[in-house]
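Peer 1: Protein chains in written order, with the numbering used here: chain A, 1 to 297; chain B, 1001 to 1245. No residue lacks a Cβ here, since even glycine has one placed at the ideal position from N, Cα and C.
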Amino acid sequence: MSAVDLLNLVIAALLLAGVYAAMSVGMTIVYGVMKIVNLAHAGFLMLGAYFVYELYARFSIDPLVGVVLAFPVFFFIGLAVHWILIRRIPSSDQPTLTSLLLLFGLWLVLQNLGYLIWGNADRAILTPRTLYVLQIGPISFPAVRLIVFGAAVASIGGLELVLHKTWFGGAVRALMQNSDAGRIVGVNVEKTARIAFGVGIAFAGAAGGLLAMLYSFSPDFGGSFLLRAFVIIVLGGLESFAGVAIGALILALAETFSILVLPASYQPAIAFSLLVLALVVLPEGVAGLWNKRHRLA
Amino acid sequence: MGNRQDLNRLLEVANLELAYETVQVVWGVNLKVSRGQVVSIIGPNGAGKTTTLKALAGLIPVRKGRIIFDGQDVTSEPAHLRVRHHLCLVPEGRQLWARMTVEENLLMGAFSPPLRAKAHQNLNRIYELFPQLKERSKQACGTLSGGEQQMCAIGRGFMAEPLLLILDEPSLGLAPILVEQVFQMISRIAAEGVTILLAAQNANQALQVAQYGYVMEAGRVALEGVSDELRASDHVRRAYLGVSN
Ligand SMILES: Nc1ncnc2c1ncn2[C@@H]1O[C@H](COP(=O)(O)OP(=O)(O)OP(=O)(O)O)[C@@H](O)[C@H]1O
Ligand SMILES: [Mg+2]
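1. With 9 Å as the threshold, decide whether the Cβ of P1162(B) is near any Cβ in chain A.
2. Quick one: measure Cβ to Cβ for K1049(B) and A1199(B), integer angstroms, because I've assumed they're closer than 8 Å.
3. Going by DSSP, name the residue or residues bridged to Q135(A).
4. If I measure Cβ to Cβ from S1112(B) and keep anything under 6 Å in the same chain, skipping five residues before and after, which residues do I get?
5. In its own chain, which residues sit with a C-beta less than 6 Å from the C-beta of M213(A), not counting the 5 before and 5 after it?
6. Suppose you measure from the CA of R293(A) to the CA of R1099(B); what does that come to, to the nearest Å?
7. Measure the Cβ-Cβ separation of V1221(B) and Q1211(B) and say whether it is below 9 Å.
8. Terminal residues of the continuous alpha helix (DSSP H) containing G1109(B)?
9. Beta-carbon distances below 7 Å to any heavy atom of ligand 2 define the shell here; list its residues in chain order, please.
10. I want to verify the contact list: residues of chain B whose CB lies under 9 Å from the CB of A254(A), in sequence order.
11. Residues bridged to C1141(B) by DSSP?
12. Thinking R183(A) and H1080(B) are a contact (beta carbons under 8 Å), I'd like their distance in whole angstroms, please.
13. For P263(A), which residues from the same chain have a beta carbon less than 7 Å from its beta carbon, with the 5 sequence-adjacent residues on both sides left out?
14. How close, in whole Å, do the beta carbons of G243(A) and L235(A) come, if the pair is a contact with beta carbons under 8 Å?
15. Is any beta-carbon of chain B found at less than 9 Å from that of V244(A)?
16. Using a 10 Å radius around the Cβ and a threshold of 16 neighbouring Cβ atoms, would you call G1193(B) buried or exposed?
17. Consider the C-beta atom of G1219(B) and the heavy atoms of ligand 1; say whether any pair is separated by less than 8 Å.
18. By how many angstroms is the C-alpha of A202(A) removed from the C-alpha of L1172(B)?
19. Quick one: Cα of L85(A) to Cα of A121(A), how far?
20. Quick one: Cα of I1154(B) to Cα of V231(A), how far?
21. W1097(B) lies in the alpha helix (DSSP H); which residues open and close that run?
22. Please tell me whether, using a cut-off of 8 Å, the distance from the CB of L177(A) to the nearest non-hydrogen atom of ligand 1 is below it.
23. Look up E1148(B) in the DSSP assignment and say whether it is helix, strand or coil.
24. What residue from R1136(B), Q1132(B), L1106(B) has the CA that sits closest to N1122(B)'s CA?
25. For S24(A), is the classification buried or exposed, using 16 other Cβ atoms within 10 angstroms of its Cβ as the cut-off for buried?
26. Here's the rule I'm using: 16 or more other beta-carbon atoms within 10 Å means buried, otherwise exposed. How should I77(A) be labelled?
27. Out of E160(A), L97(A), L277(A), point me to the one whose CA is closest to A21(A)'s CA.
28. Is there a Cβ from chain A that is less than 9 Å from the Cβ of W1027(B)?
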């Protein structure tokens, strides 16, 4: 393999990692604050894809604008879902079977809702720029991937800013690490959890829209990405945002480079293998490697 | 009970009963803390000190009894609203956010909206009182030594402009020289006019810094009194100060 091929693969992996990270942060924030593994995340990824698709097909709204619109729309959907369902889950420091079953059930409901509305045909979002490729010297950048990467990085950057520069962000990070300490200083746990869930779903919807710009989709879209998101947040140590970025990069590199040695049809196995590997070798994720040395006495 | 005494009373706990699920661990505890005082609760492992203090902060629901703070009944008020009365807990085991910096931990102490406007002013006051925290301000709390962590935890409580600062085992697990430092810190805060309620297994130091003390055993108040008298009592001398006659 030539150096150019190698560079092209690395760039492809990097671009993929952006959208992988974007689709995982929503699960991370929900897990971190509520200790709930949001299996319904896949359902919201799927709804996000159709949301952006419908806006484009019916109203010719640019998919990128659709993704931006997905944030507020899915934020409010998230608030509603929290109000109707999630707040009834007994609070716990660990994922409970109740929450897993509830969210798995919600995923099935969303998926079947999708079949009801859109049938099982594959859809894709095709715009004039879908096939446009930027050529810089010997390296080629598919334009849509660059755009998706930019949007993903911008949204994660925005989230980081909120988490580190606002009182709400402080509350979120505090609850992720020690919720009783949060209550002592005046954090309203239920309210913060509700907003955090809204943010998590907003990211799911927007990430679904971004994925729909890259891949075709149907109502069971999301399942394979749920697995990937799962691998990423396990690699990332479940509640660390820096870990998510690293986990996304590891998975994207593994998947991208696997095409050199494995038939493409085996690609989903990469995520599974990484998951098993991560659980066995790095149960606290990549972030655990440096946290271990800084554990509180 | 004269009116003057009532005005002077900051905290009154009456007939407190607390339980984890179905297991009751605190039985009819009465406590009184007057403004400006330092009051200590001493007692062996599992006596119910932490449970009682958590209930004061609202972290554990009250099964029976009342908590009156600064003239208001706060018995069933949720934890996150109690800090608005300037009732602050510095919990057992510090409970800092390990991956946040010292400064972030301290600032979170002023999370409650009424406190935010003065957050930076209070932060500077803490840095003046405890310069060691300023040196460490950008460091993640998880990397601090035990003594520094305790200092940070107390500082975080101090950010809420406490009327009552509740300290649960502030010297637990610290080397003797650091224990000394932490108790100096407590004296300094008391000198600022903050009322302090302190729980500790280390009876000697706890009674030295306090004017009044309670001895808790098996979920009940076994003994109470002015700390000099408590220190002189046979029971305390034998069970807590390690004096054998
Ligand atoms: N989360 C919990 N669930 C069930 N029981 C608990 C829990 N925490 C404490 N207990 C029990 O409640 C009783 C009182 O414990 P508590 O922690 O209040 O004692 P303490 O006086 O603070 O002890 P120490 O000096 O060791 O800190 C003990 O018997 C303990 O086993
Ligand atoms: Mg205790």
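Peer 2: The relevant details are as follows:
1. Stepping through the second sequence from its first residue, residue 1162(B) is reached at position 162. Answer no: the Cβ-Cβ gap between P1162(B) and chain A never drops below 9 Å.
2. Your numbering for residue 1049(B) matches position 49 in the second sequence. Your numbering for residue 1199(B) matches position 199 in the second sequence. Correct: roughly 4 Å between the Cβ atoms.
3. On the first sequence, position 135 is the one that residue 135(A) refers to. In DSSP, Q135(A) forms a bridge with S140(A).
4. Mapped onto the second sequence, residue 1112(B) falls at position 112. So the qualifying residues of the chain are V1083, R1084.
5. What you label residue 213(A) is simply residue 213 of the first sequence in a count that begins at 1. Around M213(A): P63, I125, V144, V148.
6. The sequence position of residue 293(A) within the first sequence is 293, counting from 1. The sequence position of residue 1099(B) within the second sequence is 99, counting from 1. Note that R293(A) scores 47 on pLDDT, short of 50, meaning its location in the model is unreliable and no value can be drawn from it.
7. Here residue 1221(B) is taken as the residue at index 221 of the second sequence, counted from 1. Here residue 1211(B) is taken as the residue at index 211 of the second sequence, counted from 1. For V1221(B) and Q1211(B), no; Cβs fall outside 9 Å.
8. Locating residue 1109(B) in the second sequence gives position 109, where the first residue counts as 1. Neither: G1109(B) is in no alpha helix (DSSP H) and is coded neither H nor E.
9. K1049(B), T1050(B), E1092(B), D1168(B), E1169(B), A1199(B)
10. Position 254 of the first sequence, counting from 1, holds the residue named residue 254(A). Neighbours of A254(A) on chain B: none; closest Cβ ~27 Å, over 9 Å.
11. Within the second sequence, residue 1141(B) is the residue found at index 141, counting from 1. Paired residue(s): none; C1141(B) is not in a bridge.
12. Within the first sequence, the letter at position 183 stands for residue 183(A). Within the second sequence, the letter at position 80 stands for residue 1080(B). So it is a contact: roughly 5 Å between Cβ atoms.
13. Looking up residue 263(A) in the first sequence gives position 263. Cβ within range, chain order: n/a, list empty.
14. Counting from 1 along the first sequence, the entry for residue 243(A) is found at position 243. Counting from 1 along the first sequence, the entry for residue 235(A) is found at position 235. With 8 Å as the limit, G243(A) and L235(A) qualify as a contact, their Cβ atoms being about 7 Å apart.
15. Walking along the first sequence from the start, residue 244(A) turns up at place 244. No, V244(A) lies away from the interface with chain B (no Cβ there is under 9 Å from its Cβ).
16. What you label residue 1193(B) is simply residue 193 of the second sequence in a count that begins at 1. Exposed: under 16 other Cβ atoms inside 10 Å.
17. Taking the first residue of the second sequence as 1, we reach residue 1219(B) at position 219. True, at least one ligand heavy atom lies under 8 Å from that Cβ.
18. The sequence position of residue 1172(B) within the second sequence is 172, counting from 1. The sequence position of residue 202(A) within the first sequence is 202, counting from 1. Near 44 Å, if we compare the C-alpha coordinates of A202(A) and L1172(B).
19. Locating residue 85(A) in the first sequence gives position 85, where the first residue counts as 1. Locating residue 121(A) in the first sequence gives position 121, where the first residue counts as 1. Straight-line Cα distance between these residues: approximately 30 Å.
20. Counting from 1 along the second sequence, the entry for residue 1154(B) is found at position 154. Counting from 1 along the first sequence, the entry for residue 231(A) is found at position 231. Approximately 39 Å between the Cα atoms of the pair.
21. Position 97 of the second sequence, counted from the first residue, corresponds to residue 1097(B). Neither: W1097(B) is in no alpha helix (DSSP H) and is coded neither H nor E.
22. What you label residue 177(A) is simply residue 177 of the first sequence in a count that begins at 1. Residue identity differs from the one stated: residue 177(A) is Gln in this sequence, not Leu. No, the Cβ of Q177(A) stays beyond 8 Å of every heavy atom of ligand 1.
23. As a position in the second sequence, residue 1148(B) is number 148, starting the count at 1. E1148(B) falls in the helix class under three-state DSSP.
24. Indexing the second sequence from 1 puts residue 1122(B) at position 122. Among R1136(B), Q1132(B), L1106(B), the Cα nearest to that of N1122(B) is on L1106(B).
25. Position 24 of the first sequence, counted from the start, is the residue given in the question as residue 24(A). The residue is buried, with at least 16 neighbouring Cβ atoms inside 10 Å.
26. As a working mapping, residue 77(A) is identified with position 77 in the first sequence. Under this definition I77(A) is a buried residue.
27. Your numbering for residue 21(A) matches position 21 in the first sequence. Taking only the C-alpha atoms, the option nearest A21(A) is E160(A).
28. In the second sequence, the residue the question calls residue 1027(B) occupies position 27. Taking Cβ atoms only, chain A never reaches closer than 9 Å to W1027(B), which makes this a no.
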